[in-house]
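> In my numbering, the protein residues as written are 17 to 339.
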Ligand code: F6P
């Protein structure tokens with residue numbers, strides 16, 4: 017093997033640049049030429065591919081986002097689109113591809129493998145919902161952004177004896193909400209894995225007021241049925257039910273824009289290296305992830321179409337800490 021390529025796909029995640037850097041420098045160290053595909057699968061179809069030297073990936077590690085760009089491509093869902101992508105790689109003599117991304121991106125990687133093209137994935141998403149990795153590149157940074165916002169909101173909440181609803185990202189997974197909720201000292205955590213009706217959220221807030229708390233925090237996962245919008249709508253109809261006046265903040269994409277934490281930079285560097293080592297060993301169609309602090313690979317066929325659950329003991333812990 018002489019030439020490989022790397023792309024980032026789906027939602028950007030802090031640490032993606034460090035992962036690209038690790039792929040390029042590990043590849044160069046092993047005597048490979050590494051190419052970067054710009055704008056994810058969209059760029060693969062368009063042939064937007066260029067050589068990356070060790071120096072091209074310098075000075076980027078502290079930056080969030082992905083300097084290669086990312087995109088969601090409808091065309092890639094068609095066999096013709098993927099054939100064009102594979103054709104573009106083969107024209108340049110590129111023999112394998114590293115795909116850095118989350119669930120949708122790894123489904124794309126799996127589809128390429130099924131067509132006979134060698135691909136290795138790297139687990140990267142702020143949602144931390146990928147099977148095959150205890151944690152994914154970007155989630156630690158996203159939680160820390162949520163936490164910074166929560167800490168600030170608690171200051172103003174206390175001054176006004178208010179309760180704040182903070183909605184965080186995570187798609188259908190409550191991991192970010194649960195971690196930010198525990199680390200931020202939330203009175204209530206609402207996640208898709210343990211839906212709470214608005215009446216129960218209200219009861220827990222009342223309980224907090226009765227316990228003498230001067231402010232309260234509800235961390236809500238965007239994927240919960242009762243997300244911030246649904247809860248606010250309910251509490252507008254029942255303004256007296258919580259014991260506090262309420263305000264809501266939806267953090268949204270602000271969580272994706274952080275400078276990666278040390279932990280995300282380390283994870284990205286280890287997984288980027290691991291992906292290239294897997295290719296050098298002749299392993300294809302696997303996801304590179306971390307398990308018990310070791311870099312591991314899992315067949316993409318066992319990863320795609322699934323969502324990793326959250327540890328519900330931590331949900332119980334959040335409840336105990338709230339009293
Ligand atoms: O998968 C990462 C993520 O940030 C999710 O948490 C969120 O639901 C989604 O992407 C938002 O997607 P987009 O960037 O396309 O709006």
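Each residue gets a CB set at the ideal place from its N, CA and C atoms; glycine is no exception.
Are there 16 or more other CB atoms within 10 angstroms of the CB of residue 37, so buried, or fewer, so exposed?
buried
> Kindly examine the ligand F6P and report whether one of its heavy atoms sits closer than 6 angstroms to the Cβ of residue 195.
Residue 195 Cβ: outside cutoff for every heavy atom of the ligand F6P.
> I need the straight-line Cα distance from residue 222 to residue 259, nearest angstrom please.
Near 5 angstroms, if we compare the C-alpha coordinates of residue 259 and residue 222.
> Is it right to say residue 336 is buried, meaning 16 or more other beta carbons lie within 10 angstroms of its own, or is it exposed?
Looking at its Cβ environment, which holds fewer than 16 other Cβ atoms inside 10 Å, residue 336 is exposed.
> What three-state label does DSSP hand residue 142 in the structure shown?
Note: residue 142 maps to coil in three-state DSSP.
> Please report how far the alpha carbon of residue 226 lies from the alpha carbon of residue 332, in whole angstroms.
21 angstroms
> Evaluate residue 309 with the Cβ neighbour count: other Cβ atoms within 10 Å of its Cβ, from every protein chain shown; 16 or more gives buried, anything less gives exposed.
exposed
> Give the single residue among 77, 107, 131, 74 whose Cα lies nearest to the Cα of residue 93.
131
> Which of helix, strand or coil does DSSP assign to residue 256?
In the structure shown, residue 256 sits in coil (DSSP, three-state: anything other than H, G, I, E or B).
> Answer yes or no: the CB of residue 32 versus the heavy atoms of the ligand F6P, is any distance below 6 angstroms?
Judged by the Cβ position, residue 32 fails to qualify as a neighbour of the ligand F6P at the 6 angstroms threshold, every heavy atom of the ligand being at least this far.
> Three or more C-beta pairs under 8 angstroms: does that hold for the region 63 to 82 against the region 36 to 53?
A contact between stretches requires three or more CB pairs, one per stretch, nearer than 8 angstroms, and the region 63 to 82 meets this requirement with the region 36 to 53.
> Could you tell me how far apart the beta carbons of residue 115 and residue 124 are, in whole angstroms, since I believe they sit closer than 8 angstroms?
Rounded, the Cβ-Cβ distance is 7 angstroms, consistent with contact.
> For the beta strand (DSSP E) containing residue 134, name the first residue and the last one.
Neither: residue 134 is in no beta strand (DSSP E) and is coded neither H nor E.
> I need the straight-line Cα distance from residue 97 to residue 164, nearest angstrom please.
42 angstroms
> What is the DSSP secondary structure of residue 83, counted as helix, strand or coil?
coil
> For residue 302, tell me which candidate among 25, 126, 86, 29 has the shortest Cα-Cα distance.
Closest by alpha carbon: 126.
> Unbroken alpha helix (DSSP H) runs of length 4 or more, entirely within the region 164 to 230: which are they?
Taking only runs of at least 4 residues, the alpha helix (DSSP H) segments lying wholly in the region 164 to 230 are 191 to 199, 214 to 226.
> Less than 7 angstroms separating the beta-carbons of residue 140 and residue 282?
no
> For the region 193 to 200 and the region 244 to 255, state whether three or more C-beta atom pairs, one from each stretch, are separated by less than 8 angstroms.
no
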